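Numbering (my numbering), first residue to last: 1384 to 1502. All C-beta atoms in this analysis are idealised placements derived from N, C-alpha and C, irrespective of residue type, glycine included. Source: prediction; values computed, not measured. Each remark here refers to the structure printed beneath this line.
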């Protein structure tokens, strides 16, 4: 089974990911994004995730910075960015190593199952 981590301050997004993955994910405490991968890993009991879903929320720069750190420090982890400003952040997201950009209203179930992230 794949290990999916969700970093969001949105209770709605958290619920949608829970339903899409049948609960097969780890959610960080609701609040701002962690400042770096080490802070994220501190919540995971030493298990390295396969996928990290970062909600850009009101501060897309913080999510892109964290994505870039994942790309540099943990290139085997796929980062998915949740953003309602995809056209504006797409180039920066690509440069930060983001594998996909997901609109907050997108069909999350299809995304995870299409990629084989959830079985």
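| query | Cβ of residue 1392 within 8 Å of Cβ of residue 1423? | reply | Cβ atoms of residue 1392 and residue 1423: not closer than 8 Å.
| request: Would you mind reading off the limits of the beta strand (DSSP E) that contains residue 1394? | output: Per DSSP, residue 1394 lies in no beta strand (DSSP E) segment; the continuous alpha helix (DSSP H) that holds it begins and ends at 1394 to 1403.
| field | Beta-bridge partners of residue 1438, as assigned by DSSP | value | BP columns for residue 1438 point to 1465.
| message | Which same chain residues end up closer than 7 Å to residue 1475 when comparing Cβ atoms and leaving out the 5 residues on each side of it in sequence? | response | So the qualifying residues of the chain are 1447.
| said: For a quick check, are the C-beta atoms of residue 1430 and residue 1462 less than 8 Å apart? | reply: No, Cβ-Cβ distance for residue 1430 and residue 1462 is not below 8 Å.
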